[in-house]
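Asks: Handing you this structure, nothing more for now.
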Amino acid sequence: MADDQAPRTQDLCLRSSLLARLREGLPEQRVKLRQAMLAQPIDTRELSAQAHRLAGAAAYCGEDGLMRAATALEQAAEVSGAPELKRAWAALDAVLEAAVHSD
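Take the sequence shown: its letter number 1 is residue 0 in numbering that gives the first Met the number 0, and every next letter is one higher.
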(Lines of atoms letter the chains of each structure in order from A; the text may use other names.)
(Lines give C-alpha, C1' and ligand atoms only; values in the text may rest on other atoms or scores of the structure.)
Protein backbone atom coordinates (compact mmCIF):
# COMPACT_ATOMS: atom_id res chain seq x y z
CA MET A 0 0.00 0.00 0.00
CA ALA A 1 2.74 2.48 0.90
CA ASP A 2 4.35 2.05 -2.52
CA ASP A 3 1.03 2.89 -4.21
CA GLN A 4 0.90 6.20 -2.35
CA ALA A 5 4.46 7.27 -3.23
CA PRO A 6 3.74 8.53 -6.79
CA ARG A 7 0.69 10.46 -5.59
CA THR A 8 2.65 12.03 -2.75
CA GLN A 9 5.44 12.96 -5.16
CA ASP A 10 2.90 14.51 -7.55
CA LEU A 11 1.39 16.57 -4.74
CA CYS A 12 4.84 17.74 -3.62
CA LEU A 13 5.78 18.69 -7.17
CA ARG A 14 2.50 20.55 -7.72
CA SER A 15 2.93 22.37 -4.42
CA SER A 16 6.49 23.35 -5.34
CA LEU A 17 5.49 24.56 -8.82
CA LEU A 18 2.55 26.50 -7.42
CA ALA A 19 4.84 28.21 -4.91
CA ARG A 20 7.26 29.16 -7.71
CA LEU A 21 4.38 30.47 -9.82
CA ARG A 22 3.13 32.63 -6.96
CA GLU A 23 6.64 33.91 -6.18
CA GLY A 24 7.04 35.05 -9.78
CA LEU A 25 3.68 36.81 -10.08
CA PRO A 26 4.86 40.28 -8.99
CA GLU A 27 7.64 40.28 -11.60
CA GLN A 28 5.30 38.87 -14.24
CA ARG A 29 2.79 41.60 -13.44
CA VAL A 30 5.45 44.28 -13.91
CA LYS A 31 6.42 42.88 -17.32
CA LEU A 32 2.79 42.77 -18.42
CA ARG A 33 2.18 46.30 -17.17
CA GLN A 34 5.25 47.61 -19.00
CA ALA A 35 4.01 46.06 -22.24
CA MET A 36 0.57 47.62 -21.72
CA LEU A 37 2.01 51.07 -20.96
CA ALA A 38 4.37 51.12 -23.93
CA GLN A 39 3.45 53.56 -26.69
CA PRO A 40 2.17 51.92 -28.76
CA ILE A 41 1.13 48.93 -26.65
CA ASP A 42 3.70 46.17 -27.11
CA THR A 43 1.25 43.50 -28.22
CA ARG A 44 3.98 41.02 -29.16
CA GLU A 45 5.52 41.12 -25.67
CA LEU A 46 2.10 41.20 -24.05
CA SER A 47 1.03 38.10 -25.95
CA ALA A 48 4.27 36.26 -25.12
CA GLN A 49 4.12 37.08 -21.40
CA ALA A 50 0.42 36.22 -21.18
CA HIS A 51 1.08 32.93 -22.97
CA ARG A 52 3.81 31.97 -20.49
CA LEU A 53 1.61 32.90 -17.56
CA ALA A 54 -1.38 30.98 -18.94
CA GLY A 55 0.72 27.85 -19.44
CA ALA A 56 2.20 27.97 -15.96
CA ALA A 57 -1.20 28.63 -14.42
CA ALA A 58 -2.78 25.75 -16.36
CA TYR A 59 -0.04 23.38 -15.27
CA CYS A 60 -0.56 24.38 -11.64
CA GLY A 61 -4.34 24.10 -11.82
CA GLU A 62 -4.93 27.84 -11.39
CA ASP A 63 -7.92 27.99 -13.73
CA GLY A 64 -8.99 31.58 -13.10
CA LEU A 65 -5.50 32.89 -13.71
CA MET A 66 -5.13 30.69 -16.79
CA ARG A 67 -8.43 31.95 -18.28
CA ALA A 68 -7.59 35.60 -17.63
CA ALA A 69 -4.08 35.25 -19.09
CA THR A 70 -5.43 33.40 -22.14
CA ALA A 71 -8.02 36.13 -22.72
CA LEU A 72 -5.27 38.77 -22.64
CA GLU A 73 -3.09 36.73 -24.99
CA GLN A 74 -5.94 36.40 -27.47
CA ALA A 75 -6.86 40.08 -27.17
CA ALA A 76 -3.24 41.07 -27.80
CA GLU A 77 -3.19 38.99 -30.96
CA VAL A 78 -6.47 40.07 -32.55
CA SER A 79 -8.36 42.78 -30.70
CA GLY A 80 -8.31 46.52 -30.67
CA ALA A 81 -7.31 48.67 -27.73
CA PRO A 82 -10.67 48.67 -25.87
CA GLU A 83 -10.86 44.86 -25.67
CA LEU A 84 -7.17 44.66 -24.85
CA LYS A 85 -7.60 47.12 -21.99
CA ARG A 86 -10.58 45.14 -20.63
CA ALA A 87 -8.62 41.89 -20.79
CA TRP A 88 -5.65 43.54 -19.06
CA ALA A 89 -7.88 44.95 -16.31
CA ALA A 90 -9.38 41.49 -15.70
CA LEU A 91 -5.97 39.80 -15.54
CA ASP A 92 -4.52 42.56 -13.37
CA ALA A 93 -7.36 42.06 -10.88
CA VAL A 94 -6.67 38.32 -10.74
CA LEU A 95 -2.94 38.98 -10.30
CA GLU A 96 -3.65 41.53 -7.55
CA ALA A 97 -5.75 39.00 -5.67
CA ALA A 98 -3.17 36.23 -6.15
CA VAL A 99 -0.25 38.39 -5.04
CA HIS A 100 -2.06 39.42 -1.86
CA SER A 101 -3.68 36.07 -1.06
CA ASP A 102 -1.08 35.02 1.51
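Even glycine gets a Cβ: it sits at the ideal position worked out from N, Cα and C.
Using the three-state DSSP reduction, which class does MET0 fall into: helix, strand or coil?
Replies: Below a pLDDT of 50, predicted positions are generally treated as unreliable, and MET0, at 46, falls in that range; no measurement from the model is reported.
Asks: Could you tell me the alpha carbon to alpha carbon distance between ARG29 and MET66, rounded to whole angstroms?
Replies: For ARG29 and MET66, the distance between alpha carbons rounds to 14 Å.
Asks: Which of helix, strand or coil does DSSP assign to GLN39?
Replies: The answer is coil: DSSP assigns GLN39 none of H, G, I, E or B.
Asks: Given this structure, state the Cα-to-Cα distance separating GLU73 from TYR59, to the nearest angstrom.
Replies: So the two alpha carbons sit approximately 17 Å from each other.
Asks: In whole angstroms, what separates the C-alpha of GLU77 from that of THR43?
Replies: Their Cα atoms are separated by approximately 7 Å.
Asks: Relative to the C-alpha of SER101, which residue among GLU23, SER47, LEU84 and TRP88 is closest?
Replies: Ranking the options by Cα distance to SER101, first place goes to GLU23.
Asks: Which residue wins for smallest C-alpha separation from ALA48, given the options PRO40, GLU62, SER15 and LYS31?
Replies: Cα-wise, what sits closest to ALA48 is LYS31.
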